[in-house]
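What follows is a single structure, written as structure tokens, with notes after it.
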Amino acid sequence: RTAPFPSSKPINPTSYHKIRGYTWHEFQKFVDAGRGNKINGISELKKYFHRFGYLKIDSLNFTDLFDEHLEHALIKYQENLGLLVNGKLDEYTVSQIISPRCGVSDSAPKLFMHATRN
Amino acid sequence: YAFFTGKPRWSRSIPITLTYAFSPDYVINSLSMSEIKDAFQRAFNHWASVIPVSFWESNDYGFADIKIGFYKGDHGDGEPFDGLLGVLAHAFSPEIGRFHLDAAETWAVDFEREKSDVAIDLESVATHEIGHLLGLAHTSVQEAVMYPSLKPREKKVDLKIDDIKGIQALYGSNPNFSYQDLLESDTSTNSG
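Keeping their order, the protein sequence lines are chains W and A. To get this note's numbering, take the position in the first sequence, counting from 1, and add 314. To get this note's numbering, take the position in the second sequence, counting from 1, and add 1297.
Rendered as structure tokens:
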């Protein structure tokens, strides 16, 4: 059912990638990072996955280590968004992560329902 | 396609009529109000053409079913906006009817006129968020309107079969809609 390779190509590097200052653009530096790497700022990527429903984690684990939590979240993200599932921050996956998106969570969609209850 | 937990939908009797209004206080100036209203009307019509739900614009923001506003940063619902790109908008599940857009984006209704590399198509985002307002969650089908991301200068307003199957599972079909028309329009688009 899913194409072996993602049908969407990474964004043309000559387009908005060059613009600094837009949200999540700093995630570009994580391309090809893998489990076990300690990278300054990757805790922000963990917060990104936590926000959109891929990482149930308490704040103690927002470290800058590419750990199994992050790898697990990455695999779920790749599965859920029809990307090549390899648990790696490959170019396609990073291009998708930094793409602008809707603020509603991907896999715990009751967030706004919960808000309703409040 | 996917639904919110509990499969919420607008529970009025079919055919459903929903009103929408724009916040008089939380607006943007980069587009005229008539351009914004036209884009939203097209967006609502994409959904109205496939389900027995009609949408009417109202001037009475307080009583509208769907309340639309452009906000910056923290705007009180626990989901602050984040400036240029990143999160573009969010909308609540039925029957809440809240629809928030990030006022910091470079909203566009015509890419011939708006040349910015980070311009975001307003009709595409509106069509996606209206899907949430009606009860659809995100899909993993990349071509579908309910796929969570939209790249700058990308336009994605035509509902795909995944979107239509999902929304018709909630509301049934618009009697005037037929998949045949959809396939023919797709074919003509492709051959074009």
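Think of the CB as a built atom: it goes at the ideal place given N, C-alpha and C, for glycine as much as any other residue.
Residue i at chain W interface by Cβ criterion, 8 Å
{"i": "residue 1463/A", "result": "no"}
{"i": "residue 1442/A", "result": "no"}
{"i": "residue 1437/A", "result": "yes"}
{"i": "residue 1332/A", "result": "no"}
{"i": "residue 1354/A", "result": "no"}
{"i": "residue 1479/A", "result": "no"}
{"i": "residue 1385/A", "result": "yes"}
{"i": "residue 1429/A", "result": "yes"}
{"i": "residue 1306/A", "result": "no"}
Proximity test, Cβ basis, 8 Å: residue i and chain A
{"i": "residue 325/W", "result": "Residue confidence is low: residue 325/W scores 45 on pLDDT, short of 50, so the model does not pin down where it sits. Its coordinate-derived value is still stated next. Yes - at least one Cβ of chain A is within 8 Å of the one on residue 325/W."}
{"i": "residue 342/W", "result": "no"}
{"i": "residue 368/W", "result": "no"}
{"i": "residue 430/W", "result": "With a pLDDT of only 35 at residue 430/W, under 50, the local geometry of the prediction cannot be trusted, and no value is derived from it."}
{"i": "residue 427/W", "result": "Only weak support exists for where residue 427/W lies, its pLDDT of 42 falling under 50; the value from the coordinates is given anyway. Yes, residue 427/W counts as interfacial toward chain A."}
7 Å Cβ cut-off: residues of chain W touching residue i
{"i": "residue 1376/A", "result": "417"}
Identity of the residue in the options nearest residue i by Cα
{"i": "residue 1353/A", "options": "1405/A, 1385/A, 1318/A and 1370/A", "result": "1318/A"}
{"i": "residue 1299/A", "options": "382/W, 386/W, 377/W and 394/W", "result": "394/W"}
{"i": "residue 1359/A", "options": "1351/A, 1369/A and 1395/A", "result": "1395/A"}
{"i": "residue 1475/A", "options": "1436/A, 1445/A and 1461/A", "result": "1461/A"}
{"i": "residue 342/W", "options": "419/W, 417/W, 414/W and 405/W", "result": "405/W"}
{"i": "residue 1410/A", "options": "1343/A, 1426/A and 1332/A", "result": "1332/A"}
{"i": "residue 1397/A", "options": "1388/A, 1404/A and 1403/A", "result": "1388/A"}
{"i": "residue 1382/A", "options": "353/W, 413/W and 391/W", "result": "413/W"}
{"i": "residue 1420/A", "options": "1408/A, 1414/A and 1464/A", "result": "1408/A"}
{"i": "residue 389/W", "options": "420/W, 418/W, 364/W and 368/W", "result": "368/W"}
{"i": "residue 1448/A", "options": "1413/A, 1459/A, 1465/A and 1477/A", "result": "1413/A"}
{"i": "residue 1305/A", "options": "1371/A, 1446/A, 1471/A and 1464/A", "result": "1464/A"}
{"i": "residue 1327/A", "options": "1315/A, 1405/A and 1346/A", "result": "1405/A"}
{"i": "residue 1470/A", "options": "1443/A, 1446/A and 1346/A", "result": "1346/A"}
{"i": "residue 1355/A", "options": "1418/A, 1454/A and 1315/A", "result": "1315/A"}
{"i": "residue 1311/A", "options": "1443/A, 1480/A, 1467/A and 1478/A", "result": "1467/A"}
{"i": "residue 360/W", "options": "384/W, 398/W and 346/W", "result": "384/W"}
{"i": "residue 1323/A", "options": "1357/A, 1472/A, 1365/A and 1374/A", "result": "1365/A"}
{"i": "residue 391/W", "options": "1380/A, 1435/A and 1302/A", "result": "1435/A"}
{"i": "residue 420/W", "options": "1445/A, 1330/A and 1473/A", "result": "1445/A"}
Nearest-angstrom Cβ-Cβ length linking residue i and residue j, presumed shorter than 8 Å
{"i": "residue 411/W", "j": "residue 362/W", "result": "7 Å"}
{"i": "residue 1432/A", "j": "residue 1391/A", "result": "5 Å"}
{"i": "residue 1350/A", "j": "residue 1393/A", "result": "That pair is no contact at about 16 Å."}
{"i": "residue 344/W", "j": "residue 356/W", "result": "6 Å"}
{"i": "residue 348/W", "j": "residue 402/W", "result": "6 Å"}
{"i": "residue 353/W", "j": "residue 378/W", "result": "6 Å"}
{"i": "residue 1429/A", "j": "residue 418/W", "result": "6 Å"}
{"i": "residue 415/W", "j": "residue 1438/A", "result": "Between residue 1438/A and residue 415/W the Cβ distance is about 15 Å, and since that is not below 8 Å, they are no contact."}
{"i": "residue 1416/A", "j": "residue 1367/A", "result": "Not a contact, Cβ separation roughly 15 Å."}
{"i": "residue 1427/A", "j": "residue 1344/A", "result": "6 Å"}
{"i": "residue 1478/A", "j": "residue 1452/A", "result": "About 21 Å; that fails the 8 Å criterion."}
Beta-carbon neighbours of residue i, restricted to chain A and to distances below 7 Å
{"i": "residue 335/W", "result": "1381"}
{"i": "residue 420/W", "result": "1435 and 1445"}
Under 8 Å from the C-beta of residue i: neighbouring residues of chain A
{"i": "residue 346/W", "result": "The contacting residues do not exist; residue 346/W stays about 21 Å from chain A at best."}
Neighbouring residues, chain W, relative to residue i (Cβ below 8 Å)
{"i": "residue 1417/A", "result": "414"}
Per-residue contacts from residue i into chain W (C-beta, under 9 Å)
{"i": "residue 1490/A", "result": "Any answer about residue 1490/A is impossible in this case: the structure gives chain A only from 1298 up to 1489."}
Any C-beta of chain D under 8 Å from that of residue i
{"i": "residue 1393/A", "result": "Looking for chain D here will not work: the only protein chains present are W and A."}
Review point. Using Cβ-Cβ distances below 7 Å, what residues of the stretch 374-400 of chain W are close to chain A?
Key: Correct list: 394, 395 and 396.
Review point. Looking at chain W, which residues of the stretch 1443-1461 of chain A have a Cβ within less than 8 Å of any of its Cβ atoms?
Key: If the cut-off is 8 Å between Cβ atoms, the stretch 1443-1461 of chain A has 1444, 1445, 1446, 1447, 1448, 1449 and 1450 near chain W.
Check your understanding: Given a limit of 8 Å on CB to CB distance, which residues of the stretch 1331-1350 of chain A reach chain W?
Key -> Here the close residues number zero.
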